[in-house]
Each structure stands twice: as C-alpha cells, then as structure tokens.
Amino acid sequence: MVTNADVEGLDGQRRSVLSKSPTGIGGFDQITDGGLPTGRPSLVCGPPGAGKSLFALQFLVNGVTRYAEPGVFVTFEEDRADVVADVGSLNFDLDGLEADGRLLVDALALEPQVADTGNFNLEALMVRLAFAVEKVGAKRVAIDNVEALFAAFDKPSLVRSELRRLFRWLKDNDLTTVITGERGEGTLTRHGIEAYLSDCVVVLDDRVVLDVATRRLRVLKYRGSTHGRNEYPFLIGADGLEVLPITALGLAQDVSNDRVSTGVAGLDAMLGGHGVFRGSGVLISGTSGTGKTTIAANFADAACRRGEKVVFFSFEESESEIYRNMASVGLDLAGWVQRGLLRFQCERPTTRGLEDHLVLMQRLIREFSPTLVVIDPVSSLARGATPFDVSAMLMRQVYYLKSAGITAVMTVLSEEAGVEQVILNISSLVNTSLEVVMLSAFGERNRGLYVMKSRGMAHSNQIREFVLSDLGVDVVPVVIGDQGVLTGSARVAAESAERAAAETLSLESAELASALERRRETVDAHVATLLADFAAEERLARELIEASQQRLEAVRLDRLAQGRRRTVRYPENEP
Amino acid sequence: MSTPTEPHEQGSAPNPGRLHLTLFVSGTSPASARAERRLRDMCDRHALFGYDLSIVDIYEQPAEVFSRGVLAVPTLIKELPLPVRVLIGDFTDEPRVLDELGLATATED
Chain A
1 MVTNADVEGL DGQRRSVLSK SPTGIGGFDQ ITDGGLPTGR PSLVCGPPGA
51 GKSLFALQFL VNGVTRYAEP GVFVTFEEDR ADVVADVGSL NFDLDGLEAD
101 GRLLVDALAL EPQVADTGNF NLEALMVRLA FAVEKVGAKR VAIDNVEALF
151 AAFDKPSLVR SELRRLFRWL KDNDLTTVIT GERGEGTLTR HGIEAYLSDC
201 VVVLDDRVVL DVATRRLRVL KYRGSTHGRN EYPFLIGADG LEVLPITALG
251 LAQDVSNDRV STGVAGLDAM LGGHGVFRGS GVLISGTSGT GKTTIAANFA
301 DAACRRGEKV VFFSFEESES EIYRNMASVG LDLAGWVQRG LLRFQCERPT
351 TRGLEDHLVL MQRLIREFSP TLVVIDPVSS LARGATPFDV SAMLMRQVYY
401 LKSAGITAVM TVLSEEAGVE QVILNISSLV NTSLEVVMLS AFGERNRGLY
451 VMKSRGMAHS NQIREFVLSD LGVDVVPVVI GDQGVLTGSA RVAAESAERA
501 AAETLSLESA ELASALERRR ETVDAHVATL LADFAAEERL ARELIEASQQ
551 RLEAVRLDRL AQGRRRTVRY PENEP
Chain B
1001 MSTPTEPHEQ GSAPNPGRLH LTLFVSGTSP ASARAERRLR DMCDRHALFG
1051 YDLSIVDIYE QPAEVFSRGV LAVPTLIKEL PLPVRVLIGD FTDEPRVLDE
1101 LGLATATED
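Right, here's the structure in full:
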C-alpha cells in the first residue's frame, strides 16, 4: 500500500510543479513557502490542546473566506455545538458559512456503546464524506481527530487499512486535506498513521517550561518542497493561530520623522533636542532601582500632556504602587487615568503564558488605540521562557507596534539572567536605547544616564546624571573633575569648589586691573610732570636764544656806525 | 429508516415489543447480502413480537448515511423498542446480536 502511494506521489509530482494551498494562518504560509500541498492530505499532530483542531478549522474557514475554496470539517471528537463553542471566542462565523453552503461541519461524536458483532468496513465513512464534499463543492477537507476511529472500532488493522483507503480517496479527488492526530509514545501519532501521510507533516507542541506553557510549531516533513526547519513559537489569538517566523518579518513599515518628547527636558536635549521618533522602539535598560520605570512614566506623562493615549503594561508593580512612586517625582498618573488617557494593565508575568500575554496586550492595544505603549519590564516576561521565545515574541510585538505607528517604551532589568541575549535580539528593532548605570564613588551611588544608541538622530555621547526629586526628573551634565566623572554630592561639591575658585580668580583679576589702572595713572602723572618741566625748559631756552640774537644784532649795528665816521675825517691825504 | 406508519398497519394498538430496525449495507456486496440474510434469520427465530426491517444502501441514500452518523457497514440501528442501539458487523456473533436487540432473555423464558 505504502509503495503504491509513493508511486502515485511521484506521478503527481511529475504531472505538475507542486502547487500549494495557502492556509491563511499568519506566518505558516511563509514557513512553508505557500501553504499545504494542494490535493494531498497533510498531517497535523501534537498533544491534546496544542491547537490541532483550530489549525484544521482555520485552514477551512480561511479557504472559504479568502481563497474561495469551500470546505468540509469532519470531527470525531465533538458534537456540532462544541465545535461552534470552541471557536466562539475567535472571529469564525461557522454558522454563517454553513448557511451560505460553503462550509459543512460533520460532527460525529463517536458513540462508545457501538456493539461489534462481526466483520465490517468503513465504507460508509467514505460515502458520507463524498456526500458532504459534493454538497458544498469542497476543495478542502479537515478530519479531526482521525485516530478517534481506533478508539471507536476495536479493530486496529481494519481501521488502518480503511484509513489508507480514505487517504487515497482524498488524493484521488484532489482534496487538500488536514488530518489531525494525537501524539503517541515515541511516535508522532498514537497509531502511527504518519506512515500513510508522507507528503506534509506539521507538529504542534504545547510545552510547559518552568510552569509556563509555550506553543511551538514545526514542519517536520514536506515532500518536494523547501520549508523552514525551525521550531516556531505560535500563539492563539482572536484570529486563530499565528506563527511567528522572525526571519519572515517584513521591514517595510512607514517611518515617521515626527519627534516626541521623552518628558525629561535634559533627555530630550541628549537626543538632539527633540526626543525620540514617533512610532519607534525605545529600550531603557538598567539594574534594579535605577529609575527605568520613572523614565518610562515620563514618556507616558509627556504623551498624555499632548492629549495622546497610553497603555502601561506593568509586570512588577501594581497600579497604586506606580501612582504612589510616580507622585513622589511629581507625576500625577492617576489624573491621566481619570481623564481616560492612560490605561494600566498590571499583572504578574507568570499568571499566563508568554503568547497569552502578547495576545492580551495586542487586544488591549486594539481596543484603546494608544500612541504610546510602555512595557515595564519586558525582561520579566523572560521568566519561564527560553530567550529565543521571548525574543521572537518581543520582536513580533515591537514589529506590531511599529507598523501601527505606536511608540514602544520598554524597560529591561539588565541583571536578570539570560536577558543579554534578549536585549541583543530585539536591539535590532529598537531605535533608541538608553542605559541607566549606577555610578558609585565617595560613598554614594548616583544614577548616570547615557544614550547607547539612537538611530537617525544626533545624540549626546556623554553620561549625564539622572536626578530624581519631588520636583520631577532631570538630567544634568556631570562634572569631569580630577577624579573622573563626578556625580551626586561630589558633583555638587566640585561645582561649588569651582564656583569658589572662579570667585577668587575674578577677585584677583579685578585687583590686577585696578593696580594696572593705578600704575597707569602714576605713569600718566609722571608723563604730565615731565611734559610740564620740558615746556618750562623750552620756554626758558627760547627766551635765552632770543636775547642772544638781539645782542648780536646790536653789535653789528654799532660796527657800521663806527666805519662811517672814519671815512669823513681824512679826505686831503687821498690822491 | 423505518417508516412510522408500519405499526399502525399491523393493528389498532402499537405493539410495544415489535422491533424497528434499520440496516445500512453497501448494496451490491455479497458480504452485505449475507449479513442481511443472517439478521433476518435471527429475527425470524427470536423476535416474538415481530419486526420491521428497512434496508438502506449507502450508495443510493448517502444523505441518510450522513444524517444518521453511520461510518461502518453493515450498521444496524435498533430504533424501537427504546433504548436505541447501534450494532456494527455482519452478525456472526449471534449471542451478542440477540443480547443487543434484547432478544436473548425472550428465548430463555
């Protein structure tokens, strides 16, 4: 039988390139590069409660609503009311689709009191399925959980051969089928039906790691197709299953150049003066008690001041604790809550599984439509989950928020075990990363804040001191002294010493200036005296010069007068 | 499915012990024919209050198969007297069949 099926499988592949039918299950079609193999049965197996039935139903409902492929749902586990009730919390309208004649639910709660009186076969199963398929013109079929037949009919070998016949019939009729089976001891399914379903095998898992349930999906086998081979975390939300293939995340979201204040003037200044980009991811890391929540609360307060809505997810403190603590730094968060701008969701991280947390978060975000979301701290979600899960979930969450244009402010307790990997993984999706460090010196511990990175904007490279007081929060420049970076009272002391020194210096220079002035006055006076003396000397000298010239003129006149007299006295003695 | 009018045709008062049986077979198979013969034989011998047997060929009446939740052939549904019993198999286990149809005690008495 198996070899026959194999030959047929090969023929099928030769006939055409393997075509695929999308399931419409978020992420799954990306992992499988298009969905389940068209016209073939695929096995979806896992432990009870792993989401097999939901996978099967979602595959059918999406087939009807999105891909115009009617479907038949056969369940051996529940009656119709239970099936409808199970998906009642999800956005599936089974009744409506059935009324339209595009979906048929064949619910057969197999009766245990069936009495076996001899030989029989399951031909009627094929007949009823054919009837249902024909009735709605089905292209898709899901059979949940096929192994219930083994419990209902106490003849394993007969059930086995009838199932092979059923699978063959499904293939012959080109029906894309999901068969679910429950995990067995050391086998994929309790009765080993995976041996007959070799085209595509999907394994769902619902593991409890450190008391927290985590769902995972893996495509174990996909004949003739490439597929993601990892275990992918998945969650069950209002729209059903959602697989989280990180690598398949698109990076096409629109970005905003709009900047929003952090609520701390000094921090805005460190971020180029305008705060962070709207719709970006902000990560605030630091050890316990460094004021991460306070910074996050300031982001929230600033958004509320702008009249925008905020959802604050707290995993460590209750709402009233946060009110009290933030009131001590001058933030009236209770006031914003009363005005309907702020909403708190406070929960212990371990109250529910990781995926439930995220589903709840997304639901609340959808309901409240905030522009900013605080998750305080994201690292506590890491408790009871492996770093990979947390990273994947957070990446998904951050991606979701970013694509919705919501600013995500997340705090991370950096001393929490295993958190480095988480930070590392999500940091690629975070635009601005702030770190609060404790600077201890001179018997004090003070908070230092620096911008580890901030994409797309000029930002300070300095560690600033982060000061909490009843007036609020501020970030002030630190003092670089002889002993390095000074904070707290050392900074205050250094600042006052600096002031004193400056005062001394200014006093000194004032004294020097006046001394100089005095000297100038002295010199000026001296110069004036000298000039006066010189003027007197000059006057005297000029008087003397004039007097001597007058005498010289007088002598010359005397000599002329004497000569004239001599000529007149002796005229007879001349020839 | 058995026709509800039959009891009234048999007499003025409904017979509370009369068996109303529906047998689902895959019409043409010899195994089905054998099963039907075996059942009729058993009923002829043991059903003291009489019986009505309707035969449903699953290929001819698939809607019936669908509405009655039948998976196996042969499947026998004992509609009356209550409680409804469902038997699968070709009736080779005679004591079991008689027991399920409530005929075993009748023969012993």
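Residue numbers (our numbering), protein chains in the order written: chain A, 1 to 575; chain B, 1001 to 1109. Think of the CB as a built atom: it goes at the ideal place given N, C-alpha and C, for glycine as much as any other residue. Only a predicted model underlies this, so the values are computations on that prediction, with no experimental measurement involved.
Original post:
Relative to chain A, which residues along the stretch 1037-1065 of chain B have a C-beta separation below 7 Å, given in chain order?
Top reply: ILE1058, TYR1059, PRO1062, ALA1063 and VAL1065
Subject >> Validate contact between the stretch 69-86 of chain A and the stretch 133-147 of chain A using beta carbons, cut 8 Å, 3 pairs >> reply: yes
Original post:
Closest to SER314/A by CA distance: which of GLY181/A, ALA515/A, ARG306/A and ALA297/A is it?
Top reply: Within the first sequence, residue 314/A is the residue found at index 314, counting from 1. Checked all of GLY181/A, ALA515/A, ARG306/A and ALA297/A; the closest Cα to SER314/A is ALA297/A.
**OP:** Go ahead and pull the three-state DSSP assignment for MET126/A.
**Re:** For the purposes of this step, residue 126/A is taken as the residue at position 126 of the first sequence. The answer is helix: DSSP assigns MET126/A an H, G or I state.
Subject >> Proximity to ARG447/A [Cα-Cα], best of SER433/A, LEU429/A and VAL476/A >> reply: On the first sequence, residue 447/A is found 447 positions in, with the first residue counted as 1. Closest by alpha carbon: VAL476/A.
Original post:
In or out: GLU553/A buried (at least 16 other Cβ within 10 Å) or exposed?
Top reply: One-based indexing of the first sequence puts residue 553/A at position 553. So GLU553/A counts as exposed.
**OP:** Have a look at MET270/A, ARG278/A, GLY266/A and GLY273/A and flag the residue whose alpha-carbon is nearest the alpha-carbon of SER260/A.
**Re:** As a first step, residue 260/A is located in the first sequence; it is residue number 260 there, counting from the start. The sequence as given places Val at residue 260/A; Ser does not occur at that position. It is ARG278/A whose Cα lies nearest to the Cα of VAL260/A.
Subject >> chain A contact residues for ARG1018/B, given Cβ-Cβ distances below 8 Å >> reply: Taking the second sequence and counting its residues from 1, one reaches residue 1018/B at position 18. The premise fails here: ARG1018/B is roughly 21 Å from chain A at the closest Cβ pair, so nothing lies under 8 Å.
Original post:
Just the Cα atoms here: how many angstroms apart are ASP174/A and LEU129/A?
Top reply: On the first sequence, position 174 is the one that residue 174/A refers to. On the first sequence, position 129 is the one that residue 129/A refers to. Approximately 14 Å between the Cα atoms of the pair.
Original post:
Terminal residues of the continuous alpha helix (DSSP H) containing GLY335/A?
Top reply: Taking the first sequence and counting its residues from 1, the one referred to as residue 335/A is at position 335. Its alpha helix (DSSP H) spans residues 333-338.
Subject >> Classification of GLY563/A by the beta-carbon crowding that lies within 10 angstroms, buried from 16 upward >> reply: Position 563 of the first sequence holds residue 563/A. GLY563/A is exposed by the Cβ-count criterion.
**OP:** Tell me, please, whether the stretch 457-475 of chain A touches the stretch 306-313 of chain A by the rule of three or more beta-carbon pairs shorter than 8 Å.
**Re:** no
**OP:** Locate the beta strand (DSSP E) running through THR177/A, then write down its first and last residues.
**Re:** The residue labelled residue 177/A in the question sits at position 177 within the first sequence. That run of the beta strand (DSSP E) goes 176-182.
Original post:
Per DSSP, ALA441/A forms a beta bridge with which residues?
Top reply: Translated into the one-based positions of the first sequence, residue 441/A becomes position 441. Looking at the DSSP assignment, ALA441/A forms a beta bridge with GLU444/A.
**OP:** Please confirm if ARG1068/B has its CB atom under 7 Å from at least one CB of chain A.
**Re:** Position 68 of the second sequence, counted from the start, is the residue given in the question as residue 1068/B. It does not: the Cβ of ARG1068/B has no partner Cβ on chain A nearer than 7 Å.
Original post:
Is there at least one Cβ from chain B nearer than 7 Å to PHE131/A's Cβ?
Top reply: To locate residue 131/A, count along the first sequence from 1; it is residue 131. At a cut-off of 7 Å, the C-beta of PHE131/A has a neighbouring C-beta in chain B.
**OP:** Would you identify the three-state DSSP class for ARG551/A, choosing helix, strand or coil?
**Re:** As a first step, residue 551/A is located in the first sequence; it is residue number 551 there, counting from the start. Residue state, collapsed to three classes: helix.
Subject >> Residues of its chain near GLY291/A, where Cβ-Cβ distance is below 8 Å and the 5 sequence neighbours each way are ignored >> reply: For this step, residue 291/A is matched to residue 291 along the first sequence. Answer for GLY291/A: VAL436, ARG447, PHE466, LEU468 and VAL473, listed in chain order.
Original post:
Going by beta carbon distance, what residues of the same chain come within less than 8 Å of LEU557/A, once the five residues before and after it are set aside?
Top reply: Counted from its first residue, the first sequence places residue 557/A at position 557. Close CB contacts of LEU557/A within its chain, under the 8 Å cut and outside five residues either way in sequence, are absent.
Subject >> Chain-ordered neighbours of THR1028/B on chain A, where CB pairs are closer than 9 Å >> reply: Position 28 of the second sequence holds residue 1028/B. Using a Cβ-Cβ cut-off of 9 Å, THR1028/B is close to nothing in chain A; its nearest Cβ partner there is about 11 Å away.
Original post:
Taking GLY1089/B as the reference, which of LEU104/A, LEU122/A and LEU220/A has the closest Cα?
Top reply: Here residue 1089/B is taken as the residue at index 89 of the second sequence, counted from 1. Closest by alpha carbon: LEU122/A.
**OP:** Could you tell me if the beta carbon of VAL451/A falls within a distance shorter than 6 Å of some heavy atom in the ligand MG?
**Re:** Because no ligand of any kind appears in the structure shown, any question about the ligand MG cannot be addressed here.
Subject >> Contacts around ARG1018/B, its chain only, beta-carbon distance under 6 Å, and the 5 residues preceding and following it disregarded >> reply: Reading the second sequence from its first residue, position 18 is the one you call residue 1018/B. Here the set comprises PHE1049 and GLY1050.
Original post:
In the DSSP assignment, what are the bridge partners of MET410/A?
Top reply: Residue numbering aside, residue 410/A sits at position 410 when the first sequence is read from its first letter. Beta-bridge partners assigned by DSSP to MET410/A: LEU283/A and ILE375/A.
Subject >> chain A contact residues for PRO1081/B, given Cβ-Cβ distances below 8 Å >> reply: Reading the second sequence from its first residue, position 81 is the one you call residue 1081/B. Ordered by position in chain A, no residue passes the 8 Å Cβ test against PRO1081/B, which lies about 16 Å from the chain.
Original post:
Under a three-way DSSP split, which group does PHE28/A fall into?
Top reply: For the purposes of this step, residue 28/A is identified with residue 28 of the first sequence, where counting begins at 1. The answer is helix: DSSP assigns PHE28/A an H, G or I state.
**OP:** Measure the C-alpha to C-alpha separation of ALA497/A and THR504/A and round it to an integer number of angstroms.
**Re:** Start at 1 with the first residue of the first sequence, and residue 497/A comes out as number 497. Start at 1 with the first residue of the first sequence, and residue 504/A comes out as number 504. Cα to Cα, ALA497/A sits roughly 11 Å from THR504/A.
**OP:** Please name the residue, chosen from THR371/A, ARG519/A and ALA334/A, that lies closest to SER256/A on a Cα-to-Cα basis.
**Re:** Mapped onto the first sequence, residue 256/A falls at position 256. Nearest C-alpha to SER256/A: THR371/A.
Original post:
Given ALA1035/B, which residues of its chain have a CB within under 6 Å of its CB, disregarding the five upstream and five downstream residues?
Top reply: Sequence index remark: in the second sequence, residue 1035/B carries index 35 (1-based). Closer than 6 Å at the Cβ level, and outside the excluded window around ALA1035/B, lie PRO1074, ASP1090 and PHE1091.
Original post:
Is there at least one Cβ from chain A nearer than 7 Å to VAL1025/B's Cβ?
Top reply: Taking the second sequence and counting its residues from 1, the one referred to as residue 1025/B is at position 25. Chain A contact via Cβ: absent.
**OP:** Compare the C-beta of ALA1033/B with all C-beta atoms of chain A and state if any pair is closer than 7 Å.
**Re:** By one-based count along the second sequence, residue 1033/B stands at place 33. No, no contact with chain A.
Subject >> For ASP301/A and ALA404/A, the rounded distance between their alpha carbons >> reply: If you number the first sequence from 1, residue 404/A lands on position 404. If you number the first sequence from 1, residue 301/A lands on position 301. The alpha-carbon atoms of ALA404/A and ASP301/A are separated by roughly 21 Å.
Original post:
Closer than 7 Å, CB to CB, is LEU1101/B near chain A or not?
Top reply: For this step, residue 1101/B is matched to residue 101 along the second sequence. Closer than 7 Å: no.
**OP:** Could you tell me which of ASP172/A, ASP154/A, THR177/A and PRO41/A sits nearest to VAL61/A, measuring between CA atoms?
**Re:** The residue you call residue 61/A lines up with position 61 of the first sequence. Taking only the C-alpha atoms, the option nearest VAL61/A is THR177/A.
**OP:** Using a Cβ cut-off of 7 Å (strictly closer), state whether VAL1084/B contacts chain A.
**Re:** Here residue 1084/B corresponds to residue number 84 of the second sequence, with the count starting at 1. Judged by the 7 Å Cβ criterion, VAL1084/B is not in contact with chain A.
Original post:
For GLU231/A versus ARG216/A, is the C-beta distance shorter than 7 Å?
Top reply: Numbered from its first residue, the first sequence carries residue 231/A at position 231. Numbered from its first residue, the first sequence carries residue 216/A at position 216. Contact: yes.
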